[in-house]
Ligand code: AMP
């Protein structure tokens, strides 16, 4: 497979599918350019190797056809700035004669942004004819938008067939996939997955997939209580999804059958209301007073989590152990974070992903202590669920 390093970009027009879906304020100024910065190494490398980058992206959610507020023209000046003053042009449409002519006229080092892909409904529909027209603008295709890799859109997957020998991953997607594979495909053992967050329902497929991969599966957060209730415990008013009780039982059985060490909270911090100033007490997770709710894991559980995590060689962390946004219920999540950092110091590979665990890592200031932080959202979750991502498979030719 070609890589950015091996590919000869000299004199070539490189179509780069990026994620420039950045937030804009009412004056169309970019309020957070993280996503643009993230793609710079790839764009710069194409320029450095004598090619001309042609940027493809979506921005916002245009309903039908072009809308000024979702125009990528708002990004032109800033991209030029980020590329040290490089010439950046914008094509009025992402397909058609004008775009093609502008692409053809690009000199090495010049950059062209194609107008918002989602001004055409064919983009999200994965329309082949539309993908072909996009492909006519360039000589090769670089997939650099991991966040949309789980969608079989025209520019993220379908386009690949028009570049059978000229398709490659950008640096960002390459490192995201490599990091995820260290966890999903060939983890060093012992491997521990820490699943937390509010609900079992949103994580169930990941949990089931992880049962085939991990040595230890730690369950934290609100989803604990569906498991505890399934085992016959009294959970008071804690979060619970009754329709998942059977599934929770089956997970417990599957873990046993597969020899996975399933660690479910034994004690918790219970509160008399869902509030920062609630009265709290530590009690067994299966013996919570009526009207009270478990909002964090308790000290015994924390000690167990700590020991399991610190002795792991691979750690995946998805979702907080408690309502970490409130000081009184943040301890479990904080200790998990510290244990993940500790394991990483001892040589483990740690991957944190999923909005709320990333927020927790940032809140506790430990981002530098983990191996990789993924902000990919839906694409990350689908990868962890064991699904094939169309945008990744398309580049690999699978
Ligand atoms: P998720 O988006 O499913 O990862 O859920 C994250 C949210 O779960 C966070 O906002 C936490 O406050 C919340 N959470 C964690 N533990 C609990 C709990 N025991 N009860 C209610 N909410 C919780």
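In this note's numbering, the protein residues as written are 5 to 402. Each residue gets a CB set at the ideal place from its N, CA and C atoms; glycine is no exception. For clarity, every value in this text was computed on a predicted model and none was experimentally measured.
- Message: Just checking residue 243 against the ligand AMP - is the residue's beta carbon closer than 8 Å to any of the ligand's heavy atoms?
- Response: Checking the Cβ of residue 243 against the ligand AMP gives yes.
- For residue 409, is the classification buried or exposed, using 16 other Cβ atoms within 10 angstroms of its Cβ as the cut-off for buried? One cannot answer for residue 409 here, as it falls past the ends of the chain, which runs 5 to 402.
- Please look up how many angstroms separate the CB atoms of residue 394 and residue 156, rounded, as I've assumed it's under 8 Å. 4 Å
- Item | Those runs of the beta strand (DSSP E) which lie wholly inside the stretch 344-397 and span at least 3 residues | 353-357, 376-378
- Task: Output the boundary residues of the beta strand (DSSP E) element that contains residue 56.
- Result: 56-60
- Query: From which residue to which residue does the beta strand (DSSP E) around residue 266 run?
  - Reply: 265-268
- When you compare only the Cα positions, how much space is there between residue 56 and residue 338? When rounded, the separation of the alpha-carbon atoms in residue 56 and residue 338 is 46 Å.
- Message: With DSSP as the reference, identify every bridge partner of residue 298, one or two as the case may be.
- Response: In the DSSP assignment, residue 298 forms a beta bridge with 274.
- Message: I'd like to know whether the C-beta atoms of residue 239 and residue 323 end up nearer to each other than 9 Å.
- Response: no
- Message: DSSP three-state label for residue 219, please.
- Response: Note: residue 219 maps to coil in three-state DSSP.
- Query: By DSSP, does residue 41 sit in helix, in strand, or in coil?
  - Reply: helix
- Message: Once DSSP output is grouped into helix, strand and coil, what is the label at residue 213?
- Response: In this structure, residue 213 counts as helix in the three-state DSSP scheme.
- Unbroken stretches of the beta strand (DSSP E), 3 residues or longer, contained in the stretch 220-266: Given a length threshold of 3 residues, each whole run of the beta strand (DSSP E) inside the stretch 220-266 is given here in chain order: 220-223.
- Quick one: using the 10 Å Cβ neighbour count with 16 as the cut-off for buried, is residue 126 buried or exposed? buried
- Message: So for residue 147, helix, strand or coil by DSSP?
- Response: strand
- Distance, Cα to Cα, residue 276 vs residue 219? 36 Å
- Message: Whole angstroms are fine: how far does the CA of residue 197 sit from the CA of residue 311?
- Response: 14 Å
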